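Heads up, the thing below is written out as C-alpha cells.
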Amino acid sequence: MSQAARVEKNRFPFTQYPVGWFQVGYSSELGPLGVQRVQYFGEDLVLFRGESGQPYLLDGYCPHLGAHMGCGGHVEKEAIECPFHAWKFDGTGVCTEIPYATKIPKKAKVHPWVVREVNGIIFAYHGVNGEEPPWEVPELPELSSDEWTPVRTVRFKIKSHNQEMAENSVDGPHFLYVHKALRAKTASAAIDGHIFRTFNKMEVDLTRWGMPDGQLEGSAQVTTHGFGFSVVRLSLLSEIITIATVTPIDEEYLDARFAFTVKKLDDESMTDLVVQQVVDDIASRCARTR
Ligand code: FES
81 MSQAARVEKN RFPFTQYPVG WFQVGYSSEL GPLGVQRVQY FGEDLVLFRG ESGQPYLLDG
141 YCPHLGAHMG CGGHVEKEAI ECPFHAWKFD GTGVCTEIPY ATKIPKKAKV HPWVVREVNG
201 IIFAYHGVNG EEPPWEVPEL PELSSDEWTP VRTVRFKIKS HNQEMAENSV DGPHFLYVHK
261 ALRAKTASAA IDGHIFRTFN KMEVDLTRWG MPDGQLEGSA QVTTHGFGFS VVRLSLLSEI
321 ITIATVTPID EEYLDARFAF TVKKLDDESM TDLVVQQVVD DIASRCARTR
C-alpha cells in the first residue's frame, strides 16, 4: 500500500509508524546467544544476542528460501544461522558463510535495524530513509542504584496509536478520574527538540492505598523522548519512576510496557506497599483499556 493510501486509511493525518527509538525486548529476556522471533512495525523480525553480548535485530526472513530465522535459528559468534540450509548472517545483515558453497551471492543480505541496549531495555531505531539516529535514549542512573527497588514490569497489547498514548501526558483531568486524584493540574508543558516535558501537580488521598496519612500533595513530571520512550517521575510519599515504552506491533496494535522502581523508604513494608499500589494502579487501568 502506498504511503498516501496509508495516510488516507488511518484515523490520523500522518503515517501509522512514527520515527524514533522503540523497545523490542528487555535485556533479561534475551540471554547469552539467545534468539527471539518478534513482530514490530508490521514486520517479522529476529532478535538475537551475539557471543560478545551485543544484541542484533534483523528482518526475520532468510533471503535464500524464506525461512524465518527466529524459528529454530541459532547464534554462532556474532551471526545467526538459518535453520533451513545453515546460511549465516551477521549483525549487519550480511551473509558471511554458506557451508556448502565457496561463493556468497551479492544479494544474500537482510535488512539490519540499529539497536541499543540501555536501562535494561533493548531498543531499535525506526527511521524512514535509513538515516542515522539523531538522538539517543538517556541512561537512568537510578536503575543501577541500591537506593531504588528492583524493577517491576507489566505489559499490554493495546489497540491504539502512539499519538493517543503520547497525548495522555497532557491530559491533566484524567488524573482525577482514572487515577482518583483529588486535584490535578498540568502546570507546564514544553517541547525541546524530540523531547516533550510536562509537569503535573496533584493531590491524592492516601487512605485509598490503605495508609493513614490522608491527603498528600505530589507531582508527576513526564519526559517523553520521541513516541516510544517516556519517563514519569512521580513524587508522592516516595520518588517513583515509571518507564513507559510503546512500540507499534502493526497498524492496529501497540506493545505497551511499564517498568517501575521506587526510591526505598526507611520503612521497608511501606516501600513494598508503594510499589504494589503503583503497579496495581497502572495494571488495572491498562487492563480496562485493552
Ligand atoms: S532458507 Fe535460509 S539458508 Fe536456505
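Positions 81 to 370 (the working numbering) are the ones given, in order, by the sequence shown.
Cβ coordinates follow ideal geometry from the N, Cα and C atoms, glycine included.
Computed from a predicted structure; not experimentally measured.
Judged by DSSP in its simplified three-state form, residue 346 adopts coil rather than helix or strand. In the structure shown, the three-state DSSP call for residue 192 is strand. Scanning the segment 208–272 from its first residue to its last, the whole alpha helix (DSSP H) runs of 4-plus residues come out as 242–247, 254–257. In the three-state reduction of the DSSP assignment, residue 299 falls in the strand class. Residue 283 and residue 128 have their C-alpha atoms some 45 angstroms from each other.
Within a 10 Å sphere around the beta-carbon of residue 264 sit 16 or more other beta-carbons, which makes this residue buried. Our two residues, residue 332 and residue 326, have alpha carbons roughly 13 angstroms apart in a direct line.
Residue 249 is classed as buried because its beta carbon has at least 16 other beta carbons within 10 Å across all chains shown.
The C-alpha of residue 150 is placed about 22 angstroms away from the C-alpha of residue 180.
The alpha-carbon separation between residue 157 and residue 126 amounts to approximately 16 angstroms. By the criterion of a C-beta distance shorter than 7 angstroms, residue 197 is surrounded in its chain by 107, 135, once the five residues flanking it on both sides are discounted. At least one heavy atom of the ligand FES sits closer than 7 angstroms to the Cβ of residue 145. When rounded, the separation of the alpha-carbon atoms in residue 182 and residue 171 is 21 angstroms. The C-alpha of residue 228 is placed about 27 angstroms away from the C-alpha of residue 204. Runs of the beta strand (DSSP E) spanning 3 or more residues and lying entirely within the segment 158–192 occur at 159–161, 168–170, 175–177, in chain order.
Annotated three-state conformation of residue 357 is helix, per DSSP. For residue 327, the enclosing beta strand (DSSP E) covers residues 318–328.
Taken atom to atom, the span from the alpha-carbon of residue 101 to that of residue 206 is near 6 angstroms. Contact annotation, residue 226 with residue 190: C-beta distance approximately 42 angstroms; criterion of less than 8 angstroms not satisfied.
Residue 169 is classed as buried because its beta carbon has at least 16 other beta carbons within 10 Å across all chains shown. Between the ligand FES and residue 181, a heavy atom-to-CB distance of less than 7 angstroms is absent. With contacts defined as CB atoms closer than 8 angstroms, residue 193 and residue 110 fail to qualify as a contacting pair.
Straight through space, the alpha carbons of residue 123 and residue 144 are spaced by roughly 18 angstroms.
Comparing alpha-carbon positions, the option among 287, 259, 305, 256 lying closest to residue 272 turns out to be 305. In terms of CA proximity to residue 238, 338 leads the group 352, 298, 338, 99.
The C-beta distance from residue 174 to residue 340 rounds to 40 angstroms, too long to fall under 8 angstroms, and the pair is not in contact.
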